[in-house]
Amino acid sequence: MESFLNGRVRVLTGDITRQETDAIVNAANSSLLGGGGVDGAIHRAGGARILEECRDIRRTCFPGGLPTGEAVITSGGLLPARFVIHTVGPIYGHHGGREPELLANCYKSALALASRNNLASIAFPSISTGAFSYPLEEAAAVSSQAIADFLKDESSISEVRLLFFSQDDLNTFLKNHRFDD
Ligand code: ADP
Numbered sequence: 031m032e033s034f035l036n037g038r039v040r041v042l043t044g045d046i047t048r049q050e051t052d053a054i055v056n057a058a059n060s061s062l063l064g065g066g067g068v069d070g071a072i073h074r075a076g077g078a079r080i081l082e083e084c085r086d087i088r089r090t091c092f093p094g095g096l097p098t099g100e101a102v103i104t105s106g107g108l109l110p111a112r113f114v115i116h117t118v119g120p121i122y123g124h125h126g127g128r129e130p131e132l133l134a135n136c137y138k139s140a141l142a143l144a145s146r147n148n149l150a151s152i153a154f155p156s157i158s159t160g161a162f163s164y165p166l167e168e169a170a171a172v173s174s175q176a177i178a179d180f181l182k183d184e185s186s187i188s189e190v191r192l193l194f195f196s197q198d199d200l201n202t203f204l205k206n207h208r209f210d211d
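So that you can map any letter, position 91 of the sequence shown is 121 in our numbering, and since no number is skipped, the others follow by simple counting.
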């Protein structure tokens, strides 16, 4: 398994819903009411409770939907992870050039929420690189830079896992990341 930043970041293939980290991150859409890809898999495996909590958050805090780059937290329902952190990635080509900043915000918002909740481990899928069409090469550079920037000033998170669905995707990440070590 490849690791970076003195072992604090691990990169691997697998299914995000099977991770036994304190939190897993959902590549949600702004409705917070479920979708395909990672979102569908998390709600299928996690059961109805996660969706109920998402509905409550939507009604009470984000009636217009969760803005791109922001993050909210629910319980993990039936998942091995204790919590799910839901974030909305940018749709590639829909944000007038702000896509890298918005994608970086997703990683930083999710990590900040984990830190605020005293969570030590978190697993990310490759946000925006499925239905939202963000090229994996570019997403690899942006996500690794955002994670490195965040972890530099933070010590309570001891493990960040980056999950890729296929070995090809993982190899693309390994060729394009910006971790120093
Ligand atoms: P987005 O809408 O943000 O693009 P998607 O869920 O469509 O999110 O896809 C994001 C990435 O997650 C894609 O690279 C996809 O192949 C991958 N993926 C889909 N399902 C899973 C899963 N269960 N575990 C890990 N990665 C997944």
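In this text, a Cβ means the ideal position worked out from N, Cα and C, and glycines have one as well.
1) Between the Cα of D86 and the Cα atoms of I103, H124, Q197 and L133, which residue gives the shortest distance?
2) Got a sec? Which residues, its chain only, sit under 6 angstroms from F180 by beta carbon, not counting five neighbours each side?
3) Looking at C-alpha atoms only, which residue of A78, I54, N135 and V41 is the closest neighbour of A144?
4) Buried or exposed: which applies to A78, given that a residue is buried once 16 or more other Cβ atoms fall within 10 Å of its Cβ?
5) Might you give, ordered along the chain, the residues of its own chain that have their beta carbon closer than 7 angstroms to the beta carbon of D199, omitting 5 neighbours on each side?
6) Under 8 angstroms by Cβ, that's how I've got L193 and I46 pegged, so tell me the actual separation to the nearest angstrom.
7) Quick check on the burial criterion: 16 or more other C-beta atoms within 10 angstroms. Buried or exposed for P120?
8) Please check the pair H124 and A171, which I expect to be a contact at CB under 8 angstroms, by giving their CB distance rounded to whole angstroms.
Let me lay it out:
1) Among I103, H124, Q197 and L133, the Cα nearest to that of D86 belongs to I103.
2) Taken in chain order, the residues that qualify are K138 and L141.
3) The option with the nearest alpha carbon to A144 is I54.
4) When all chains shown are included, A78 counts as exposed.
5) Residues of the same chain with a CB within less than 7 angstroms of the CB of D199, apart from the 5 flanking positions on each side, are S156 and L166 in chain order.
6) Distance from L193 to I46 at the Cβ level is roughly 5 angstroms; contact confirmed, criterion being Cβ atoms closer than 8 angstroms.
7) Burial call: buried.
8) The beta-carbon distance between H124 and A171, rounded to whole angstroms, is 20 angstroms. This is too long to meet the 8 angstroms contact definition.
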